[in-house]
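Working notes, structure below.
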Amino acid sequence: MNQGILYKYSHDSESEEAQLGFPSHERDKIWKEHHDSPNAAHYRSDETYQRIAKRYFWIGMKKFITNYVKNCLDCARFKASNLKPAGLLQTPVRAQRFETMAIDLFGPLPESKDKKKVDLHCLRRCH
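Just so it is clear: in the sequence shown, position 100 is 100 by UniProt numbering, and no numbers are missing.
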């Protein structure tokens, strides 16, 4: 305790920084800041726990964070297993020949003996 604020020092932690003990009514702000905010990126429970545990501590924190992330609607909605596979790239069907033309422009390239620096490639699709 330092100036009325509770800190916890963890012997098995890599850093020697103290973790701030937080009252239950303030925890809402912490997990939302470390999981729900746009900067938090909705990490999985282990990553969210690691991020919070660097600075804060409360009893039952790991279990609470695991349950919170498990019940997060955004995480459930955008989880990779819930998304459809991308599928194969569809080639558009053209109505007539030479309808599509592709141009690649490379440069600047090293100067050749005849002082040319740019190489232009044109491709017309015949089908």
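Note that beta-carbon positions come from the ideal geometry of N, C-alpha and C, so glycine has one too.
Asked	Found
Three-way DSSP call (helix, strand, coil) for D74 in this model	helix
Helix, strand or coil at R27 according to DSSP, with G and I counted as helix	helix
Same chain, Cβ closer than 7 angstroms to N39, five either side skipped, listed in chain order	none
With 16 other Cβ atoms within 10 Å as the buried cut-off, status of V93	exposed
Own chain residues within Cβ distance below 7 angstroms of R44, not counting five before or after	V69
Beta carbon of T48 nearer than 7 angstroms to that of H25	no
Simplified DSSP state of E111, which is helix, strand or coil	coil
For Y43, three-class secondary structure by DSSP	coil
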